[in-house]
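**Student:** Heads up, the sequence shown is in the numbering used here, so the first residue is 7 and it goes up one at a time.
Glycine included, every Cβ here is placed at the ideal spot set by N, Cα and C.
Structure provided below as structure tokens; questions to follow.
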Amino acid sequence: MKHPFRVGGKYRNNDGEYEVIKLDDPKMVIRYVDGRQVTATISTQALAWSRIQDEDRLKVVIDDPPTRIRTGHSQAARGREFRGLQETDFKRGVVGTSWRARPSLGGLLAQTMSDATRRHFESYAIYRRADVHVAQPEYYREPPARKTETIEKSAGQREARVRYPKFAFILSEEHASFGFYIEKNDGPMDGTWHWLRFVNALKSDCDLQHKVQAAMRQQNLHWVVEIWPDEGPVAHVEAGQDGLQWISGNQNESEGITWAEFVAKLGAIDPSKWCDLFLLAQLDKAQAIALNVGITRPVTEVLLALLPLYDASVGHSRGSG
7 MKHPFRVGGK YRNNDGEYEV IKLDDPKMVI RYVDGRQVTA TISTQALAWS
57 RIQDEDRLKV VIDDPPTRIR TGHSQAARGR EFRGLQETDF KRGVVGTSWR
107 ARPSLGGLLA QTMSDATRRH FESYAIYRRA DVHVAQPEYY REPPARKTET
157 IEKSAGQREA RVRYPKFAFI LSEEHASFGF YIEKNDGPMD GTWHWLRFVN
207 ALKSDCDLQH KVQAAMRQQN LHWVVEIWPD EGPVAHVEAG QDGLQWISGN
257 QNESEGITWA EFVAKLGAID PSKWCDLFLL AQLDKAQAIA LNVGITRPVT
307 EVLLALLPLY DASVGHSRGS G
């Protein structure tokens, strides 16, 4: 497998800094600063090193605002009006709220992701919903040459954004939820629908599988499967002791499944049904309010942990910038 290590190089994991003594795929020999020498698995250490690098980048972005990279003069105001979530933000609907706006939390999350990844992320408030999306514009908006074209689907006209994966931040009356979001059409899907690439990546990319499962455990994430128009929330899927735990929508039935069985369930969804699929972390209302402007830290940590899933779904190479 591809990995970042070289003999003599120094890296870190949860136990501290170490030097690579020997590489013998799939194993490696490492020596900690206290002299302990351990044989470890390359893939496990690569995941740990990638996570630590993401955390280090996030720490610089949040704790050292003067170093932030701006994606353009017009972006300088993003997030400047955000003063934390308020009790009145947690309700049905969005009347009287401003947290989704670009000068508020929506824009702040986009700016923080831009700084952490050295890419351009933008925020998009969803009409009449307590929901804001964060995505790279080229993987969200309709390309200029196609804006006037008719996009025909079984349920009529739909915006281009439904075909793309995105990050989402959602408020309900009692919780703040945030993470990855992708949609499946309720009719035929051509290559512009990224659901197909997403399912294939989950099925065939072993490195991605390890990263997503590690993120689920480390960030306490769960999948939410919703099928429309008539089924609604179908399942809540958590990381189990071995594999995943599929909990039915009514919370009365729980089934242990493998990763392959989970992906098979996604692939077997009725082609005539719409699916909203989320991979989310959650804070209760009191926690979210207490964090004040610091809520950007746990949110961005989750989004960065899910960046490999976003990249695989849109076909973005991590090395392409």
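Cβ of A296 less than 8 Å from any chain C Cβ?
**Tutor:** Of the protein chains in this structure there is only one, and it is not chain C.
**Student:** If you reduce the DSSP assignment to three classes, tell me which class G41 lands in.
**Tutor:** In this structure, G41 counts as coil in the three-state DSSP scheme.
**Student:** Looking at R108 and R84, is the spacing between their C-beta atoms short of 8 Å?
**Tutor:** Yes, the Cβ-Cβ distance between R84 and R108 is below 8 Å.
**Student:** Closest to G185 by CA distance: which of N226, A207, P194 and N191 is it?
**Tutor:** It is N226.
**Student:** Is P32 closer than 8 Å to S49 when the C-beta atoms are compared?
**Tutor:** Closer than 8 Å, so yes.
**Student:** Measure the C-alpha to C-alpha separation of T156 and H228 and round it to an integer number of angstroms.
**Tutor:** Since pLDDT at T156 reaches only 43, below the 50 mark, its modelled position is unreliable, and the value read off the structure follows with that caveat. Rounded to the nearest angstrom, the two C-alpha atoms are 36 Å apart.
**Student:** How is G238 classed by DSSP in three states: helix, strand or coil?
**Tutor:** Here G238 sits in strand by DSSP.
**Student:** Given 7 Å as the limit, tell me if N20 has its C-beta closer than that to any heavy atom belonging to the ligand MN.
**Tutor:** Only the bare structure without any ligand can be found here, which leaves the ligand MN out of the picture.
**Student:** Reducing DSSP to helix, strand and coil, say where T103 ends up.
**Tutor:** Looking at T103 - three-state DSSP - the assignment turns out to be coil, as it is neither helix nor strand.
**Student:** Would you please state the rounded distance, in angstroms, between the beta carbons of L315 and V243? I believe it to be under 8 Å.
**Tutor:** Rounded, the Cβ-Cβ distance is 14 Å, inconsistent with contact.
**Student:** In chain order, what residues of the same chain lie with their CB nearer than 6 Å to the CB of L208, ignoring the 5 residues before and after it?
**Tutor:** Counting only Cβ-Cβ distances below 6 Å, and skipping sequence neighbours, we find V269.
**Student:** Using DSSP's beta-bridge definition, name the partner residues of S183.
**Tutor:** I176 and Q288, per the DSSP bridge assignment.
**Student:** Counting Cβ pairs, one atom from each stretch, are 3 or more of them under 8 Å apart for the region 107-123 and the region 134-142?
**Tutor:** Touching, yes.
**Student:** So, for D30: in the same chain, excluding its five sequence neighbours on each side, which residues have a beta-carbon less than 6 Å away from its beta-carbon?
**Tutor:** Correct list: empty, nothing qualifies.
**Student:** Note down the Cα distance separating Y38 from G22, rounded to an integer number of angstroms.
**Tutor:** Their Cα atoms are separated by approximately 7 Å.
**Student:** In terms of residue numbering, what span does the beta strand (DSSP E) encompassing E25 cover?
**Tutor:** Here the beta strand (DSSP E) through E25 covers G22 to D30.
**Student:** Helix, strand or coil for W199 per DSSP?
**Tutor:** It is coil, neither helix nor strand.
**Student:** When the Cα atoms are used, what is the spatial distance from R76 to T264?
**Tutor:** Note that R76 scores 47 on pLDDT, short of 50, meaning its location in the model is unreliable and no value can be drawn from it.
**Student:** Looking only at its own chain, which residues have a Cβ that is under 6 Å from the Cβ of L289, when we skip the five neighbours before and after it?
**Tutor:** Only A182 meet the Cβ criterion.
**Student:** Report the CB separation of Q224 from A287 in whole angstroms; it is logged as a contact under 8 Å.
**Tutor:** The pair is not a contact, with the Cβ atoms about 10 Å apart (cut-off 8 Å).
**Student:** Starting from R18 and walking both ways along the beta strand (DSSP E), at which residues does that stretch end?
**Tutor:** Segment K16 to N19, the beta strand (DSSP E) holding R18.
**Student:** Checking 8 Å against the spacing of the C-beta atoms, do N206 and W280 come in under that value?
**Tutor:** No, Cβ-Cβ distance for N206 and W280 is not below 8 Å.
**Student:** Helix or strand or just coil, what does DSSP make of Y316?
**Tutor:** Helix.
**Student:** V35 and T47: beta carbons closer than 8 Å?
**Tutor:** No; because the gap between Cβ atoms is not below 8 Å, this pair is not in contact.
**Student:** Can you tell me whether DSSP reads T264 as helix, strand or coil?
**Tutor:** If DSSP states are grouped into helix, strand and coil, T264 belongs with coil.
**Student:** Identify, in the order they occur along the chain, each residue of the same chain with its Cβ nearer than 6 Å to the Cβ of T103, setting aside the five sequence neighbours on each side.
**Tutor:** The residues are D95.
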